[in-house]
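As structure tokens, the structure follows; a few thoughts come after it.
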Amino acid sequence: MMIQTIKTTPYSDQKPGTSGLRKRVTVFKQPHYIENFLQAIFDSLDGIAGQTLVIGGDGRYYNDVVIQTAIRMAAANGFGKVMVGQNGLLSTPAASHVIRHYKAFGGLVLSASHNPGGPDGDFGIKYNIGKGGPAPEAITEAVYERSKVIERYKTIDAPDVALQQIGTQMSGDMVVEVIDPVTDYAALMETLFDFEAIAKLFASGFTMTFDAMNAITGPYAHAILEDRLGAPKGTVKNGTPLPDFGKGHPDPNLVYCKDMFDLLMTPEGPDFGAASDGDGDRNLIIGKNRFVTPSDSLALLAANAHLAPGYRDGIVGIARSMPTSAAADRVAEKLGIEMHETPTGWKFFGNLLDAGRVTICGEESAGTGSDHVREKDGLWAVLLWLNIIAVRQQSVDQIVREHWASYGRNYYTRHDYEEVDAAIAGTLVDDLRAQLPGLVGQNFGEDLQVAYADDFKYHDPVDGSTSAKQGIRIGFTDGSRIVLRLSGTGTVGATLRLYLERYEAADGRHDLDTQVALGPLIALSERLAGIQQRTGRDEPSVIT
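Under my numbering, the first residue of the sequence shown carries the number 292, and numbering increases by one thereafter.
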């Protein structure tokens, strides 16, 4: 095997964000851009000689090209084996499971998650460690530092691997095993959930629609929901992964899944609706006449997890990202288990999961998962919901209402302002941060007295590390909150995310319109931060 060493010059913009490096496809297509970043990853890892690397992605445009590049570079850098999904496909949770199941050294996940694809769309690369989760900040920082000074990358002169052909091939001296992307993941799901009970649910006439959004979960949903569980053919919509996601936006929210929402609000609609995103780690849950917010879904799944075989002994703890509502906190308190509040980003759950401190984790951005993998898992959440419905023999609406009657309701919304000028967004956040010391104790109206105002700092209870400036929090004595943070998942400009939350007790009113219930907080947030005034936006880009 002849290793080629190619001279290159560094790029200054290869700093990984919340979930790896995400940019427009046109950025990744710059000369040596991909090679530089991959080499920076390999140079930042110790002990890769002879090890196994997992590679897969969501099938978006440019995946096929990058996978072939990554295989040749893995061979040149000393890996002994690469495992890659057929046609380059692996959902993010499936990639995590393959890494863990086969005890691989790590993996490359090629995706920009819920962002659009195609030649003018987005692309992304992240490295996952041997435990299956996203690389911790120590590694991503090392990758970034290396990318700023890189002067060469290594590859081999070898033909492309036949990614459509399951089985073993060679790339230089390195073994390449092309695997079915669904088999191992489906087998794992069967150990966690009562497939027999769910199959009986479908056999009884229960109806469902699942929108795979022309993204990665299509093959998984066809195989599990239709083939194994007996849901009627056609239950899975948009089930073929396409490089441009059918020119759609593979983000499972009420904007891009409005047709599903509208259908579920009619008498003719199915009993249950769900969707997942580009790489399969997010989920949308809608019952007939009941949309379930991601924050409520996390709380409900945690409260009912014991109904599924994989969690019959109960859960040891729950973790949520800081902007996620406190609905799950009330479940943890009632169960007498640990509750952890972390920064946004699934990597922060990794230590807690590995230490056995938590079982179920979730983020308000439609991501939930458990200790079965080290990523959030969209289809897992859908299957757990189906398991709960099958056992309780109740509708989604009934399950949600009974939960609120027991725990109370956290009215909650997120307002996204996308592609905001980065300088304006940064100044806005800095100015609000400067106000924080003077806010504590202030009264805004009859019921809004500020109890705390800070910039969230997380102290990891497992490794002792600290992550600062993770989002501005303004909390009130009645449990209400205003949270503002800059998102790290966009590719153009800045995304401002505003989170608003108000608690209504178990015996309170649970049927108010969410935006009406949160009206005073929405008005106060504009008074304090001036998002619309500063950005010139009349309304958020997306409201969830």
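Backbone N, C-alpha and C fix where the C-beta goes; we use that ideal spot for every residue, glycine too.
Beta-carbon proximity list for residue i, same chain, < 7 Å, skipping 5 on both sides
i: G784; result: E710, V711, D712, A713
i: L812; result: S771, I773, L791, R793
i: S816; result: I773, L789, L791
i: S778; result: T786, R788
i: M465; result: A365, A366, F370, G371, K372, V373
i: D751; result: N642
i: N701; result: S586, S616, A617, A618, E792, Y794
Exposure label - residue i; buried when at least 16 CB within 10 Å
i: Q321; result: exposed
i: G605; result: exposed
i: G424; result: buried
i: P558; result: exposed
i: N734; result: exposed
i: R683; result: exposed
i: V440; result: exposed
i: E666; result: buried
i: P523; result: exposed
i: M364; result: buried
i: E792; result: buried
i: S586; result: buried
i: S410; result: With the sequence shown as reference, residue 410 is identified as Pro, and Ser is not the correct amino acid for it. Flag for P410 reads exposed.
i: R800; result: exposed
i: T383; result: buried
i: T482; result: exposed
i: E326; result: buried
i: V807; result: exposed
i: S303; result: exposed
i: Q761; result: buried
i: V753; result: exposed
Under the three-state DSSP convention, the category residue i falls into
i: T805; result: helix
i: H513; result: helix
i: F501; result: strand
i: T786; result: strand
i: A713; result: helix
i: R581; result: strand
i: T317; result: helix
i: T757; result: strand
i: M364; result: helix
i: N406; result: coil
i: Y602; result: helix
i: M630; result: strand
i: L399; result: strand
i: I507; result: coil
i: R665; result: coil
i: T296; result: strand
i: T446; result: strand
i: I266; result: This structure leaves residue 266 out entirely; the chain is present only between 292 and 835.
i: D411; result: coil
i: I441; result: coil
i: I773; result: strand
Sequence-distant residues of its chain with Cβ nearer than 6 Å to residue i (five each side left out)
i: S661; result: T650, I651
i: A426; result: Y418, I420
i: G636; result: T309
i: H323; result: T299
i: Y602; result: A596
i: D620; result: M630
i: A590; result: A618, A619, V622
Beta-ladder partner(s) of residue i, from DSSP
i: E654; result: G658
i: A566; result: D502, L575
i: Y302; result: According to DSSP, which records beta bridges pairwise, Y302 is partnered with nothing at all.
i: P425; result: N419
i: S462; result: M465
i: F767; result: V741
i: N327; result: N327 is not bridged to any residue.
i: S612; result: T633
i: M374; result: V345, E468
i: N701; result: Y794
i: G308; result: G311
Beta-carbon proximity list for residue i, same chain, < 8 Å, skipping 5 on both sides
i: A395; result: Q342, T343, L344, V345, M374, V389, G421
i: R443; result: T296, I297, K298, T299, Q330
i: G717; result: L777, A785
Beta-carbon gap between residue i and residue j smaller than 8 Å
i: L749; j: P634; result: Residue 749 is actually Tyr in this sequence, not Leu. Yes.
i: L719; j: A814; result: no
i: G347; j: V400; result: yes
i: D721; j: K579; result: no
i: G608; j: I576; result: no
i: G669; j: D572; result: yes
i: A657; j: N505; result: no
i: N574; j: T659; result: yes
Residue i beta carbon near the ligand FAD (any heavy atom closer than 7 Å)
i: M293; result: Within the structure as shown, the ligand FAD is missing, as the structure has no ligands at all.
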